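Note that the numbering used here has the sequence shown beginning at 83, numbered continuously upward. We treat Cβ as the ideally placed atom computed from N, Cα and C, and that holds for glycine. Fair warning: this is a prediction, and the values are worked out from it, not measured in the lab. Scroll down for the structure; my scribbles are underneath it.
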Amino acid sequence: MPSEVQQAMADAADTFIDFHELNRRAGERIAQYTGAEAGLVVAGASTWLLVQAAACMAGQDPDRILQLPDTAGMKDEILIYEKHRFGFEICYRTAGAKIKEWGRGEGSLAEQLAGAINEDTAAVTYVFGPGFPCDLSLREVVAIAHEHEVPVVVDGAAMLPPADNLTKYIADGADLVTFSGGKGVRGPQSTGILAGRADLVEAARLNMSPHASVGRACKVAKEEIAGLLAALDRFVTMDHEAEWATWRVWSEAIVAAGENLSGVRAVIEDGHPNRQGPAAAFYFDDDRDGPSASEIQDRLAAGNPSIHVGVGNEVGEIYVSPVALEPGEAELVAEALWTVLRG
83 MPSEVQQAMA DAADTFIDFH ELNRRAGERI AQYTGAEAGL VVAGASTWLL VQAAACMAGQ
143 DPDRILQLPD TAGMKDEILI YEKHRFGFEI CYRTAGAKIK EWGRGEGSLA EQLAGAINED
203 TAAVTYVFGP GFPCDLSLRE VVAIAHEHEV PVVVDGAAML PPADNLTKYI ADGADLVTFS
263 GGKGVRGPQS TGILAGRADL VEAARLNMSP HASVGRACKV AKEEIAGLLA ALDRFVTMDH
323 EAEWATWRVW SEAIVAAGEN LSGVRAVIED GHPNRQGPAA AFYFDDDRDG PSASEIQDRL
383 AAGNPSIHVG VGNEVGEIYV SPVALEPGEA ELVAEALWTV LRG
């Protein structure tokens with residue numbers, strides 16, 4: 083975390099603060115940066131999946147809030163596109179929601195979505211992120227859902243940077259949007275940003291800690307809220323193009339480790355659908371005489387220093403994202419890769 087984020091957390095640790103007032107003020111800042119009616123700091127983006135489901139099912143009704151995860155008498159189906167299915171759906175189910183998939187039937191996608199909505203539909207979710215394509219735009223999904231008076235909730239946990247995404251999804255009509263407070267924002271990893279309609283944000287607040295609710299265990303501390311706000315202030319004012327230019331320089335140093343090796347294609351990828359910003363990628367021919375992508379990953383992780391690289395969606399691919407690198411570390415990664423690739 084940047085030094086100003088750490089300092090904000092340390093300052094908050096030494097200060098008594100009314101929690102509700104702090105999160106209300108934090109929500110105002112989030113609303114300002116996202117263009118939403120309201121905002122809220124939650125305990126990680128996965129918590130938002132739980133509390134947004136609770137908000138869409140129970141709303142602000144105190145009896146229904148206490149009833150969850152029992153959803154008797156409530157709309158409790160969350161619609162999700164078949165290519166947007168992901169492991170964190172368990173957070174929806176923790177709140178009591180049922181997952182209903184759409185997109186594998188007959189007819190256009192628009193017709194399939196409209197046909198999937200019924201009297202039990204609590205929300206339609208739309209996932210943005212690496213490897214989550216959809217042939218219907220968010221605007222199109224919003225238009226269909228809103229015609230049936232159903233809210234659309236967006237999971238954009240991994241979509242910052244670019245900073246434009248802070249306002250994009252709200253502008254496209256989403257009713258609730260979440261982003262990770264860690265990752266590219268560089269705030270506390272245990273925080274998430276929730277923004278959207280004021281009534282739904284308030285419902286989310288009532289369905290999470292410190293209230294007695296299904297989200298009571300999802301606690302966010304005052305230090306984390308302060309740290310997230312400092313990180314968000316930094317994020318919206320920083321020069322992201324300059325940061326990505328630095329990432330490109332680091333990626334160039336890393337890519338050099340794979341040059342002039344038979345059966346290895348080392349490239350810098352910028353704008354790859356599964357990554358954000360410049361990254362170093364290595365593709366290996368099937369008949370290459372050398373360690374496989376997974377073996378390279380294991381050897382780098384077992385080294386000193388331990389280096390963790392990604393294995394891409396394609397067989398025989400690894401990639402190195404510079405997002406967590408510090409000055410001087412790209413050269414360490416390149417040196418380790420050079421040794422392993424030739425091992």
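Residue range of the unbroken beta strand (DSSP E) whose run includes residue i
{"i": "Gly121", "result": "Ala120 to Val124"}
{"i": "Ile160", "result": "Glu159 to Tyr163"}
{"i": "Val87", "result": "No beta strand (DSSP E) holds Val87; the alpha helix (DSSP H) holding it covers Ser85 to Ala95."}
{"i": "Val346", "result": "Val346 to Glu351"}
{"i": "Val402", "result": "Glu399 to Val402"}
{"i": "Ile181", "result": "Lys180 to Trp184"}
{"i": "Ala361", "result": "Ala361 to Phe366"}
Identity of the residue in the options nearest residue i by Cα
{"i": "Val232", "options": "Gly309, Cys300, Asp143 and Leu195", "result": "Leu195"}
{"i": "Ala303", "options": "Glu351, Val331, Asp321 and Pro270", "result": "Pro270"}
{"i": "Pro285", "options": "Gln142, Ala338 and Ile275", "result": "Sequence check: residue 285 is Ala here, not Pro. Checked all of Gln142, Ala338 and Ile275; the closest Cα to Ala285 is Gln142."}
{"i": "Trp326", "options": "Pro404, Glu341, Trp420 and Ala136", "result": "Pro404"}
{"i": "Ala120", "options": "Asp369, Val283, Ala406 and Gly410", "result": "Val283"}
{"i": "Pro215", "options": "Lys180, Gly238 and Lys165", "result": "Lys165"}
{"i": "Arg146", "options": "Asn289, Gln379 and Gly410", "result": "Asn289"}
{"i": "Ala277", "options": "Lys301, Pro292, Ser291 and Thr249", "result": "Thr249"}
{"i": "Val209", "options": "Arg175, Val259, Ala179 and Gly187", "result": "Val259"}
{"i": "Glu417", "options": "Tyr401, Glu408 and Ile389", "result": "Ile389"}
{"i": "Ile181", "options": "Glu201, Gly187, Glu188 and Thr207", "result": "Thr207"}
{"i": "Gly340", "options": "Ala324, Arg111, Gly178 and Val402", "result": "Val402"}
{"i": "Cys173", "options": "Ala90, Ala135 and Lys157", "result": "Ala135"}
{"i": "Gly410", "options": "Trp420, Thr328 and Gly398", "result": "Thr328"}
Boundaries of the alpha helix (DSSP H) in which residue i is found, first to last residue
{"i": "Phe317", "result": "Lys304 to Thr319"}
{"i": "Phe101", "result": "Phe101 to Thr116"}
{"i": "Ala416", "result": "Glu411 to Leu423"}
{"i": "Val337", "result": "His322 to Val337"}
{"i": "Gln379", "result": "Ala375 to Ala384"}
{"i": "Pro199", "result": "In the sequence on display, residue 199 carries Ile and not Pro. Here Ile199 belongs to no alpha helix (DSSP H), and DSSP marks it neither H nor E."}
{"i": "Ile147", "result": "Pro144 to Gln149"}
{"i": "Thr176", "result": "Ile172 to Thr176"}
Own chain, CB closer than 7 Å to residue i, minus 5 neighbours either side, in chain order
{"i": "Ile433", "result": "Beyond the ends of the chain as shown, which are 83 and 425, falls residue 433; an answer cannot be given."}
{"i": "Ala240", "result": "Gly211, Pro212, Ser262 and Lys265"}
{"i": "Arg106", "result": "none"}
{"i": "His322", "result": "Pro243, Pro244 and Ala245"}
{"i": "Tyr163", "result": "Trp184, Gly185 and Cys216"}
{"i": "Pro292", "result": "Phe101"}
{"i": "Val393", "result": "Ala375, Ser376, Gln379, Glu399 and Ile400"}
Beta-carbon proximity list for residue i, same chain, < 8 Å, skipping 5 on both sides
{"i": "Pro373", "result": "Arg381, Val422, Leu423 and Gly425"}
{"i": "Ile350", "result": "Arg330, Ser333, Glu334, Val337, Pro360, Ala361, Ala362 and Ala363"}
{"i": "Gly255", "result": "Leu220, Arg221, Val224, Ala225, His228 and Val234"}
{"i": "Gly345", "result": "Phe366, Asp367, Asp369, Arg370, Asp371 and Gly372"}
{"i": "Ala280", "result": "Glu119 and Ala120"}
Same chain only: Cβ atoms within 6 Å of residue i, ignoring 5 sequence neighbours per side
{"i": "Val267", "result": "Leu242, Ala313 and Phe317"}
{"i": "Glu171", "result": "Ile181"}
Going along the chain, which unbroken runs of the beta strand (DSSP E) with 3 or more residues stay wholly within the segment 261-298?
Along the segment 261-298, the beta strand (DSSP E) occurs as fully enclosed runs of 3 or more residues at 274-278, listed in sequence order.
Suppose only complete runs of 4+ residues qualify. What are the alpha helix (DSSP H) ranges in the segment 207-253, listed by chain order?
Runs of the alpha helix (DSSP H) inside the segment 207-253: 220-229 and 247-253.
Segment contact, 8 Å Cβ cut-off, at least three pairs: the segment 112-131 with the segment 291-301:
Segments in contact, yes.
Inspect the CB distances between the segment 150-169 and the segment 303-322 and report whether three or more fall short of 8 Å.
Touching, no.
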